[in-house]
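The listed protein sequences correspond, in order, to chains A and B. Residue numbers for the first sequence follow our numbering, beginning at -15 and rising by one. Residue numbers for the second sequence follow our numbering, beginning at 74 and rising by one.
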Amino acid sequence: MIVDALVYAGASLYGGGRSLGELLADAPAAGLDLLVSAPAKPSDYDLAGASERLAEECGASGGRAVCLARLDPWQDDAAERLAALLAHPSVRGLLLHPWEETFAANSERALALAAQTAAHGRPVIVEAGHPLVSEALSLADLARRVDGTVVMTRGGQVSMSGLAQQSADLALAAAPNLCALSAGMYRQDWLESCVRQFGPERLLHGSCAPVFDLGYEVERVRHAEMGDDERAMVMGGNATTLFGLAREG
Amino acid sequence: MIEPVIDAHFHVDEVPALGWHMPPELAIEQLDAAGVQTAVIMTITDAPEVNPTALEMIADVCARWPGRFEAYARIHPWYGDEAERLLVRAIRELRFVGLKLHPVTTIAHPADESSLRLIRAAARLGAPTLIHCGDDPFCTPLELEQAAVRVPEATIVFGHMGAYYHGQDALAVAERCENVVLETSACPYPDLIGEAVRRIGAERVIFGSDGPGCPPAIELEKLRRAGLAPAELRKVLHDNQRALMDRVAR
Chain A
-15 MIVDALVYAG
-5 ASLYGGGRSL
5 GELLADAPAA
15 GLDLLVSAPA
25 KPSDYDLAGA
35 SERLAEECGA
45 SGGRAVCLAR
55 LDPWQDDAAE
65 RLAALLAHPS
75 VRGLLLHPWE
85 ETFAANSERA
95 LALAAQTAAH
105 GRPVIVEAGH
115 PLVSEALSLA
125 DLARRVDGTV
135 VMTRGGQVSM
145 SGLAQQSADL
155 ALAAAPNLCA
165 LSAGMYRQDW
175 LESCVRQFGP
185 ERLLHGSCAP
195 VFDLGYEVER
205 VRHAEMGDDE
215 RAMVMGGNAT
225 TLFGLAREG
Chain B
74 MIEPVIDAHF
84 HVDEVPALGW
94 HMPPELAIEQ
104 LDAAGVQTAV
114 IMTITDAPEV
124 NPTALEMIAD
134 VCARWPGRFE
144 AYARIHPWYG
154 DEAERLLVRA
164 IRELRFVGLK
174 LHPVTTIAHP
184 ADESSLRLIR
194 AAARLGAPTL
204 IHCGDDPFCT
214 PLELEQAAVR
224 VPEATIVFGH
234 MGAYYHGQDA
244 LAVAERCENV
254 VLETSACPYP
264 DLIGEAVRRI
274 GAERVIFGSD
284 GPGCPPAIEL
294 EKLRRAGLAP
304 AELRKVLHDN
314 QRALMDRVAR
């Protein structure tokens, strides 16, 4: 099963956006069997409401999509809304977006939501690599304090000079429960070195579409040099385990 | 895909401090796998510091594989007269076809006089200047624009065309400055490449991979998804870079 471990569904406050239906319509051409979705930031700033609506959409998708609860740690009712969302069968984890919600990835408020999610046996996906709020080593700091899996988008890197690559490697070395998504970092060969250095179980295909191109990001993983078994893990095996997707049937 | 293809941005170097191993044999392997005949190669490190022999190494690689490589001289602007002499020698004697500046590795603002001096020298020789153009300090499109307007006679190539967050700025600058060319390497947005061709014309967009870190095979896949017409693709993949190189007074 080929899984995209993160797509953003819905119109974004910051412009553009694709509905879950549109993303699901594009998925077969990209060779994708299942999408793990999270709400784009809605214009009303109501992330919990958007998460609830997306969970309902995923429940009606015929097993082709699940979702993540997206919450703003600054909101005082975030823990309560998260608890309700995690009880929904389509919600398989938490998305934190420090860049768009403006908080430090390793802040106490973020840690509290991450720990709450981990206590439910669910992973936490964090938009990573953004300066000031979510550098890779901040993710490692968060992961060290969470009894569960933390996944950083963009390989923990937003630098086309390659300046974030070494810190991303150090973060993965420091926190064995930290994994990376495949899209949006400089250098294709980092995907290969990530698998070589840390094992194929530490990397998941995740496009962050429509921020990045749904189909092109699949090709990025297909072009990376790794063994067939490793590629199968990166393309879907790891996500199937992490998000409990086998239960989709 | 339309043949032939020139890859306008490829690295050959050894940078142990970063763990980057970029031998010419890997370049040939990747180019062959992607069906690319020619690549413009350059180092990661700058001459004369931290790599005093950077230009000779690149020239040697070009000589070992005739017809497969052209070269840009990556030079540190802080070195004044020496830097300009290196550039002139690279083009006149070693037959390089352009200048590469990376303001992150040199901490040299693209509009600082030290950088402008090199850009002007390249222009006098008919050679383009490729500058890293992304999200990093000294490298944003609006910073590079300051150089483009100060040296209007120079062709300035924006490598990576704004990277992750500055793509729209890169297009806007290219619309304002006719001496700016956008180069596609590592830019993760196929749609942005198509938009660039529509807004500034296929004549000012150039294919580059930034190999070997970003292999030409996957970078070409991006061009396939950009929605370009065959005539536009031919310009982007070959003709535009060929024309830039043909203008160089070697």
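Glycine included, each C-beta is placed from N, C-alpha and C at the ideal position.
By a beta-carbon distance limit of 8 Å, Asp86 (chain B) does not contact Thr179 (chain B). Their separation comes to about 15 Å.
Contact of Cys135 (chain B) with chain A by beta-carbon distance below 7 Å is absent, the smallest such distance being about 23 Å. A distance of 9 Å or more separates the beta carbons of Ile(-14) (chain A) and Val134 (chain A). With contact defined as three or more Cβ pairs closer than 8 Å, the segment 168 to 178 of chain A and the segment 119 to 136 of chain A are not in contact. Here the C-alpha atom of Ile273 (chain B) lies approximately 6 Å from the C-alpha atom of Glu248 (chain B).
Per DSSP, reduced to three states, the secondary structure at Val135 (chain A) is strand. Sequence-distant partners of His205 (chain B) (beyond 5 residues in either direction) whose C-beta falls short of 6 Å from its own C-beta, in its chain, are His175, Cys212, Gly232. Here Gly47 (chain A) is not near Pro23 (chain A), since their CB atoms are 9 Å or more apart. Excluding residues up to 5 positions away in sequence, Ala269, Arg272 lie with their Cβ nearer than 6 Å to the Cβ of Leu244 (chain B) in the same chain.
In the three-state DSSP reduction, Glu87 (chain B) falls in the strand class (E or B). Secondary-structure assignment with DSSP links Val108 (chain A) through a beta bridge to A:Leu78, A:Val134. Look at the beta carbons and you see the segment 114 to 123 of chain A touching the segment 146 to 161 of chain A: at least three pairs across the two are nearer than 8 Å.
Straight through space, the alpha carbons of Gly240 (chain B) and Phe142 (chain B) are spaced by roughly 28 Å. Taking all protein chains shown into account, Trp83 (chain A) has 16 or more neighbouring C-beta atoms within 10 Å of its C-beta and is therefore buried. Partner residues in a beta bridge of Cys287 (chain B), as assigned by DSSP, do not exist.
Scanning chain B for C-beta atoms nearer than 7 Å to the C-beta of Arg171 (chain A) yields Gly286, Cys287, reported in chain order.
Arg307 (chain B) sits in a helix when the DSSP states are folded into three classes. About 5 Å separates the beta carbons of Pro214 (chain B) and Gly235 (chain B), which is inside the 8 Å limit, making them a contact pair. For Glu203 (chain A), the nearest beta carbon of chain B is closer than 9 Å to its own beta carbon. In this structure, the alpha-carbon of Glu85 (chain A) lies about 10 Å from that of Glu111 (chain A). Per DSSP, the continuous alpha helix (DSSP H) segment holding Thr179 (chain B) begins and ends at 176 to 179. Shown here, Ile148 (chain B) sits in a strand according to DSSP, grouped into three states. Taking 9 Å as the CB threshold, Thr179 (chain B) stays off the interface with chain A.
Under the 9 Å criterion on CB atoms, His233 (chain B) is classed as interfacial with respect to chain A.
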